[in-house]
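Taking it in order: structure first as structure tokens, then the write-up.
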Amino acid sequence: EVLMGFEPAMVKILNPPPFSSDITAINDNSCVLKIEYLGNSILLCADIEEQGIEFLLSKSLEIRSDVIQVPHHGSSINNMEMFITAVRPAYAFINSSNGVTSRETLNFLQKHRIRTFQAHQEGAITFNLDKNGITCSTFYE
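Numbering of the sequence shown is given in this note's numbering, commencing with residue -19 and proceeding in unit increments.
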């Protein structure tokens, strides 16, 4: 479903499903948005966990994005690597407090050379999308 009124940006609701589903966990019913603007995109994954990720992967949704908000604070989830691989981001950001994000997730992001920002270390994280691409700034830089 596409939210209207944000043109020229396009805001798509990818989760939760519009009607009843088999997803029972509250976190997995979090609102997942994909924002596209001037040829760039950001995937906001909120607090989805394994079932929510599985839903997004199984529905063949266009999840490929330049920037991803890493789901569930970057904690260890069985299908996290598969999901991030499908998204193929250049940038990732993680909203969490110290100690929540798994070392496994951080290592995966680093291994795949995904530039990663963590709010608990860098404060507010701002991504600017324009016709020249994407820039990122943080509160503490």
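Every residue gets a Cβ at the ideal spot worked out from N, C-alpha and C, and that includes glycine. On a predicted model such as this, the values are computed, not experimentally measured, just so you know.
Integer Cβ distance of residue i from residue j, believed to fall under 8 Å
i	j	result
residue 32	residue 7	7 Å
residue -8	residue 13	7 Å
residue 60	residue 37	Contact flag wrong, Cβ pair sits at about 11 Å.
Under 8 Å between C-beta atoms of residue i and residue j
i	j	result
residue 89	residue 72	yes
residue 108	residue 118	no
residue -5	residue 35	yes
residue 75	residue 53	yes
residue -2	residue 28	no
residue 83	residue 44	no
residue 110	residue 18	yes
residue 85	residue 98	no
Which of helix, strand or coil DSSP assigns to residue i
i	result
residue 38	helix
residue -5	strand
residue 32	helix
residue 16	strand
residue 112	coil
Residue i versus residue j - alpha carbon distance
i	j	result
residue 70	residue 47	6 Å
residue 65	residue -15	31 Å
residue 91	residue 101	20 Å
residue 95	residue 26	19 Å
residue 20	residue -19	19 Å
residue 112	residue 49	21 Å
residue 120	residue 106	11 Å
residue 30	residue 16	25 Å
residue -12	residue 9	28 Å
residue -17	residue 41	16 Å
residue -10	residue 11	16 Å
residue 4	residue 93	34 Å
Note down, one range per segment and in chain order, each beta strand (DSSP E) of at least 3 residues found wholly within the stretch 35 to 92. 47 to 49, 71 to 74
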